[in-house]
Amino acid sequence: PEYGLLSLANMLAIITGGIDLSVVSVMSLSGVVSAQVLSRWESLPMPAGVVILLGILTALAVSAVCGLLNGTLIAYVRVPAIIATLGTQGLFLGAAIIITKGSGVGGFPEPFLFIGNGNLAGIPMQFLIYIAVAFLVGLLLTRTRQGFSMQMYGSSPLVSRFSGVNNEAVLVRTYLI
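Next comes the structure, spelled out in structure tokens:
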């Protein structure tokens with residue numbers, strides 16, 4: 023399921039005619055920063071559920087900042103997607119290694135472990151998360167202006183521009199997602 027989630031993220035970039043080589047490094051960095059929050063849960067004066075939500079929101083925020091950097095480099099600085107994401111791949115992975123000093127992070131709240139190891143009605147939780155995200159990506163691509171604009175830009179950036187689409191904003195939002 024993890025590889026499936028990463029492939030969904032890369033699929034969005036590919037639809038626009040680009041590629042995102044940094045998805046694994048973004049996952050590593052956001053996971054490490056989130057793990058730092060989660061590993062300190064006992065010292066925080068909050069219930070485990072709130073700390074888990076804070077950890078998930080932290081991971082999403084770090085991922086969004088990384089995507090915003092990629093999107094800005096590609097859309098406004100006009101660095102080709104393969105070059106921009108290859109460069110940020112090393113940046114993000116290096117930052118993750120610096121934060122952890124090359125060692126693992128542990129000590130997570132017990133309810134958090136259910137997300138990666140639990141089952142719901144005999145179905146692994148990871149698979150259920152993948153199905154939910156795939157459904158949301160499907161809705162994004164088929165039912166939103168952003169999805170239509172992404173497909174239009176991927177077909178022809180010039181036609182997309184003449185159709186009134188802000189190509190730069192579409193690219194930034196795509197890599198942000």
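Under the working numbering, think of the first position of the sequence shown as 23, with each following residue one higher. From the three backbone atoms N, C-alpha and C, an ideal C-beta is built for every residue, glycine too. Quick caveat, the model's predicted, so the values are computed rather than measured.
| query | result |
| --- | --- |
| For isoleucine 74 and alanine 57, the rounded distance between their alpha carbons | 10 Å |
| Spatially closest choice to arginine 195 from Leu27, Phe134, Ala31 and Val155, by CA coordinates | Ala31 |
| Assigned exposure category for valine 181 - 16 Cβ within 10 Å defines buried | exposed |
| Rounded C-alpha distance that separates leucine 43 from leucine 113 | 12 Å |
| Complete alpha helix (DSSP H) runs within the region 130-184 (minimum length 4 residues, chain order) | 132-139, 147-165, 167-177 and 179-184 |
| Sequence-distant residues of its chain with Cβ nearer than 8 Å to leucine 82 (five each side left out) | Ser52 |
| Unbroken alpha helix (DSSP H) run spanning leucine 66, endpoints | Careful: leucine 66 lies outside any alpha helix (DSSP H) and carries neither H nor E. |
| Neighbour-count burial assignment, valine 48, 16 or more Cβ in a 10 Å radius | buried |
| Isoleucine 119 in three-state terms, based on DSSP | helix |
| Other residues of its chain near leucine 91: CB distance less than 7 Å, five sequence neighbours each side excluded | Thr110 |
| Cut-off 7 Å between Cβ atoms - residues of its own chain near isoleucine 120, not counting five sequence neighbours on either side | none |
| Residues near glycine 93 by beta carbon distance below 8 Å, same chain, minus five either side | Leu193, Val194, Arg195, Thr196, Tyr197 and Leu198 |
| Below-8 Å beta-carbon distance, valine 84 vs any chain B residue | Judged by its chain identifiers, the structure shown contains no chain B, having just a single protein chain. |
| Burial state of phenylalanine 134 (16 or more Cβ within 10 Å) | buried |
| Proximal residues to isoleucine 41 (C-beta, below 8 Å), its chain only, five neighbours per side dropped | Asn32, Ala35, Ala103, Ile104 and Thr107 |
| Coil, strand or helix - glycine 93 by DSSP | helix |
| Helix, strand or coil at isoleucine 41 [DSSP, three-state] | coil |
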